[in-house]
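Worksheet: the structure to be examined is printed underneath.
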Amino acid sequence: MITRWFPTEISPVTRSSCGPSCRTISAKGSCSCGGVKAAPARPDDLVQWLPAAGQSRAAAIAIHAGMKKWGIKSDLTWRFFLPNGRCAGQYLCGRDEVWIQRGLDVRSTAETALHELRHHRQHERGEFMDDGEAEGYARVLVADLVASGDLEDAELEAKYAAGIGIWQVSATASESAYYRWDDFASRLYQLLVVLNNGVTTARIDDAGWWDRLVATYGDRLGRNAGSTLTPEYSRQTCINSGLADLWSRWGECAKLEAQLGTQFQTFRSARGALATPTSVEMLRLMPPRIPQPVRGET
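Counting in numbering that gives the first Met the number 0, the sequence shown runs from 0 upward without gaps.
Structural data, given as structure tokens:
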């Protein structure tokens with residue numbers, strides 16, 4: 000039972016109310032009950048609950064940084080509570096407890112934890128419970144933690160748990176494999192059509208085809224504009240590198256088709272006439288392979 004109570008502030012707040020309170024106005028103060036002082040009861044609307052993803056790490060990082068930065072000596076504990084419609088955080092000075100609302104984002108969690116921690120420091124030093132000072136110091140320290148990257152781990156934890164970014168499913172395994180093949184094969188097919196001067200039925204084996212191959216793999220871009228940074232290769236070097244690259248890419252397409260198995264035809268059938276030609280169909284546009292040297296033993 001409280002026999003004497005010395006209020007130091009009565010005001011509308013969203014964070015930090017360590018005395019008797021209602022939904023709109025909270026009072027802070029100290030009491031002198033006489034005899035053995037028992038820890039005051041927690042407010043009924045502080046229903047303890049597990050933190051959301053990233054909150055526990057964010058609060059720990061923020062509180063440890065605040066205790067070091069502000070020279071806080073006494074220990075305290077921090078807990079999380081279900082949203083109660085009254086406040087986002089609360090410091091219970093008679094119990095040395097910091098309470099943080101569950102479900103806040105990483106930055107808001109850190110700001111709330113530091114706001115209440117600043118009240119713990121004020122109580123430790125017998126100072127006035129100043130919400131303005133607590134909020135100001137909390138925001139400055141959180142800005143420093145964000146700038147230094149100290150809160151990144153907590154933000155990543157919250158992001159992954161929420162299924163954002165790399166954990167967000169965008170396609171099944173077979174879809175992803177098909178899209179990879181389609182991107183790879185379509186680029187090769189377009190290059191083959193360019194080298195064949197737009198003809199798609201069969202390869203035209205004339206001097207123009209080889210000239211276009213040399214121009215494509217010669218890397219002489221911007222030459223007419225006076226570029227001096229592009230390299231120049233001999234005609235035979237361009238031909239050799241071009242043929243090796245075309246067949247290497249064709250082989251990769253064939254491997255991806257084999258990996259897809261029966262799913263390959265399923266996806267291609269759905270595309271109909273828009274489906275990219277298969278590796279077998281592209282053979283009609285492929286140039287002859289470079290003869291491999293025959294090595295013998297003596």
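Glycine included, C-beta positions come from ideal geometry on N, C-alpha and C.
Being a predicted model, the structure only gives us computed values, none of them experimental.
In this structure, residue 137 sits near residue 110, with a CB-CB distance shorter than 8 Å. Residue range 88–91 is occupied by the beta strand (DSSP E) that includes residue 91. Distance check between residue 184 and each of 251, 235, 149 places 251 closest, using alpha-carbon atoms only. For residue 79, the enclosing beta strand (DSSP E) stretches over residues 76–80. DSSP places residue 132 within a helical segment (H, G or I) once states are collapsed to three.
In this structure, the beta-carbon distance from residue 53 to residue 154 falls below 8 Å. Beta-carbon to beta-carbon, residue 192 and residue 200 are separated by about 11 Å, too far to satisfy the 8 Å threshold. Using a Cβ distance threshold of 8 Å, residue 80 and residue 177 do not count as a contacting pair. Nearest Cα to residue 275 within the set 88, 286, 253: 253. In the structure shown, residue 96 adopts extended strand secondary structure according to DSSP, grouped into three states. Inter-segment contact for the region 87–107 and the region 70–77 is present: three or more beta-carbon pairs are separated by less than 8 Å.
When the Cα atoms are used, residue 100 and residue 41 turn out to be separated by approximately 15 Å. Per DSSP, the unbroken alpha helix (DSSP H) holding residue 242 starts and ends at 234–259.
Around the beta-carbon of residue 125, fewer than 16 other beta-carbon atoms lie within 10 Å, marking it exposed. Inter-residue distance for residue 144 and residue 123 is about 24 Å (C-alpha atoms, whole angstroms). For residue 244, the CB contacts under 8 Å within the same chain, skipping 5 residues up- and downstream, are 216 in chain order. DSSP places residue 190 in the uninterrupted alpha helix (DSSP H) bounded by 172–194.
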